[in-house]
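2 protein chains.
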Amino acid sequence: MKLSTRARYGTRVLLELALHWGEGPILLKDIAQKQQIPLPYLQHLIGPLVKTGIIKTTRGKRGGISLLKPPKEVVLGEVVQLLEGSIAPVKCVDNPETCPRSDLCVTRDIWEEVKKAIGTVLESVTLQELVERQRQKYGKND
Amino acid sequence: MKLSTRARYGTRVLLELALHWGEGPILLKDIAQKQQIPLPYLQHLIGPLVKTGIIKTTRGKRGGISLLKPPKEVVLGEVVQLLEGSIAPVKCVDNPETCPRSDLCVTRDIWEEVKKAIGTVLESVTLQELVERQRQKYGKND
DNA sequence: TGGTTTGTTGACCGTTTTAGTCAATAAAGG
DNA sequence: CCTTTATTGACTAAAACGGTCAACAAACCA
């Protein structure tokens, strides 16, 4: 029932980008350092984020990565979903056909409710909200 | 973000016991067959359930395992918690000291909300309710 | 043009976790 | 004492996971 490091790191990366929204590309190296993520690992993390159009990358001098949408429009649900593959606590919730007992299994119904509950929380949080929460904790100082 | 097989099997085992509440011990072998769980695996599953007093075991002829409390009093939360170790989606929610950034990390706050949401669902379901749901799906026929 | 900066990709590795098995043991019943 | 049944511990195979390395590609700059 643990979230993968991919998803945890991924949200932190996007939070970092959201904090610097509007300031142009941020270096992977800097993100790695600020968020304490191994750089080579980070390099792989961003792949899916680019592919789905959440961030864009810029190469060469003064390059880096940056958000494609304003923080207000990026919801945590899609991010976790993307990096985690699925937020369902069991396979059969997303793919009933993987278990022959799916249609009559009452425990499956519970796992489905769990998935919904998780989804509700994650759909209700945007990067913008994370930024605001962070600013409240830290004060404006980065 | 997947539930372990331990937890999935475990709830099915308890459901099976709840369905036969009041009928005396049920053979591990029968449970294994009905719920399609490998018997040797099942043998290990029950260990923690016995230890925490959710079920009791009886050896020898006409032995097996049985619930210690009525199904109404067994809540899914404690079962999953027990078999899963924890329902927190990240370590730092249960043990803030495992991450130095815990007190200032806003993503951690979100994971905490996720944990609460999962907990709320699981605390709201008892074995008795699973039994009733199952009877509704199947009719009274086992 | 060529070199430097930066992201991109794919192959690879070591560890841990997980699901599952096997076999030896212990208790209860008949 | 023999059979039935649960208990325990050692063990294994496979997958997942976190992480690294190195070769490559694009953008920029001089």
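Chains L and P, in that order, are what the protein sequence lines are.
If you're matching positions, the first sequence starts at 0 in numbering that gives the first Met the number 0 and goes up one per residue.
If you're matching positions, the second sequence starts at 0 in numbering that gives the first Met the number 0 and goes up one per residue.
By construction, the Cβ of each residue, glycine as well, lies at the ideal position given by its N, Cα and C atoms.
Straight-line gap, residue i to residue j (C-alpha atoms, nearest Å)
i, j, result
"LYS50(L)", "GLN135(L)", "32 Å"
"VAL79(P)", "THR57(L)", "45 Å"
"ILE30(L)", "GLY46(L)", "15 Å"
"LEU41(P)", "LEU82(P)", "13 Å"
"ASP93(P)", "SER101(P)", "11 Å"
"LEU44(P)", "THR4(P)", "10 Å"
"SER85(P)", "MET0(L)", "8 Å"
"GLU22(L)", "GLU112(P)", "31 Å"
"LEU126(P)", "LEU18(L)", "46 Å"
"GLN35(P)", "GLU72(L)", "45 Å"
"ILE54(P)", "VAL130(P)", "17 Å"
"GLU15(L)", "ILE117(P)", "27 Å"
"VAL105(L)", "GLU77(L)", "28 Å"
"LEU67(L)", "CYS91(P)", "30 Å"
"ASP108(P)", "ARG11(L)", "12 Å"
"SER13(L)", "TRP110(L)", "Here residue 13(L) turns out to be Leu, not Ser, going by the sequence shown. If I take the Cα positions, the gap works out to 29 Å."
"TRP20(L)", "SER65(L)", "8 Å"
"PRO39(L)", "LEU48(L)", "16 Å"
"GLN32(L)", "GLY138(P)", "59 Å"
"LYS28(L)", "PRO99(P)", "21 Å"
"PRO95(L)", "ALA6(P)", "18 Å"
"LEU121(P)", "PRO24(L)", "43 Å"
"SER123(L)", "GLY52(L)", "20 Å"
"GLU128(L)", "LEU2(L)", "21 Å"
Buried versus exposed call for residue i [16 or more other C-beta atoms within 10 Å across all chains shown]
i, result
"LYS114(P)", "buried"
"TYR8(P)", "buried"
"LEU75(P)", "buried"
"GLY63(P)", "buried"
"PRO37(L)", "exposed"
"GLN133(L)", "buried"
"THR97(L)", "exposed"
"THR119(P)", "exposed"
"PRO88(L)", "buried"
"LEU26(P)", "exposed"
"PRO69(L)", "exposed"
"ARG61(L)", "exposed"
"LEU103(P)", "exposed"
Sheet register partners of residue i (DSSP bridge)
i, result
"GLY63(P)", "THR57(P)"
"VAL74(L)", "THR125(L)"
Distance cut-off 6 Å: residue i Cβ against heavy atoms of the ligand COA
i, result
"VAL49(L)", "Judged by which ligands are present, the structure shown has none, so any question about the ligand COA falls away."
| alpha helix (DSSP H) runs contained entirely in the segment 13-53 of chain L, provided each spans 4 or more residues | 27-33 and 38-50
| task | Name, going along the chain, the residues of the segment 57-75 of chain L whose beta-carbon falls closer than 9 Å to a beta-carbon of chain P. | result | LEU75
| request: Please name the residues in the segment 24-52 of chain L whose beta-carbon is closer than 7 Å to at least one beta-carbon of chain P, in chain order. | output: none
| query | When you check each C-beta in the segment 9-23 of chain P against every C-beta of chain L, which residues fall closer than 9 Å? | reply | Cβ proximity to chain L below 9 Å picks out THR10, ARG11 and LEU14 from the segment 9-23 of chain P.
| field | Contact set between the segment 100-113 of chain P and chain L, restricted to residues whose Cβ is under 9 Å from the partner | value | ARG100, ASP102, LEU103, CYS104, VAL105, THR106, ASP108, ILE109, TRP110, GLU112 and VAL113
| task | Check distances from the C-beta atoms of the segment 116-127 of chain P to those of chain L and list, in chain order, the residues that come in under 8 Å. | result | ALA116, ILE117, THR119, VAL120, LEU121 and VAL124
| query | Fully enclosed by the segment 84-124 of chain P, which alpha helix (DSSP H) runs are 4 residues long or longer? | reply | 90-93 and 105-122
| query | What are the residues of the segment 77-89 of chain P that lie near chain L, defined by any Cβ-Cβ distance shorter than 9 Å? | reply | Listed in sequence order: VAL79, GLU83, GLY84, SER85, ILE86, ALA87, PRO88 and VAL89.
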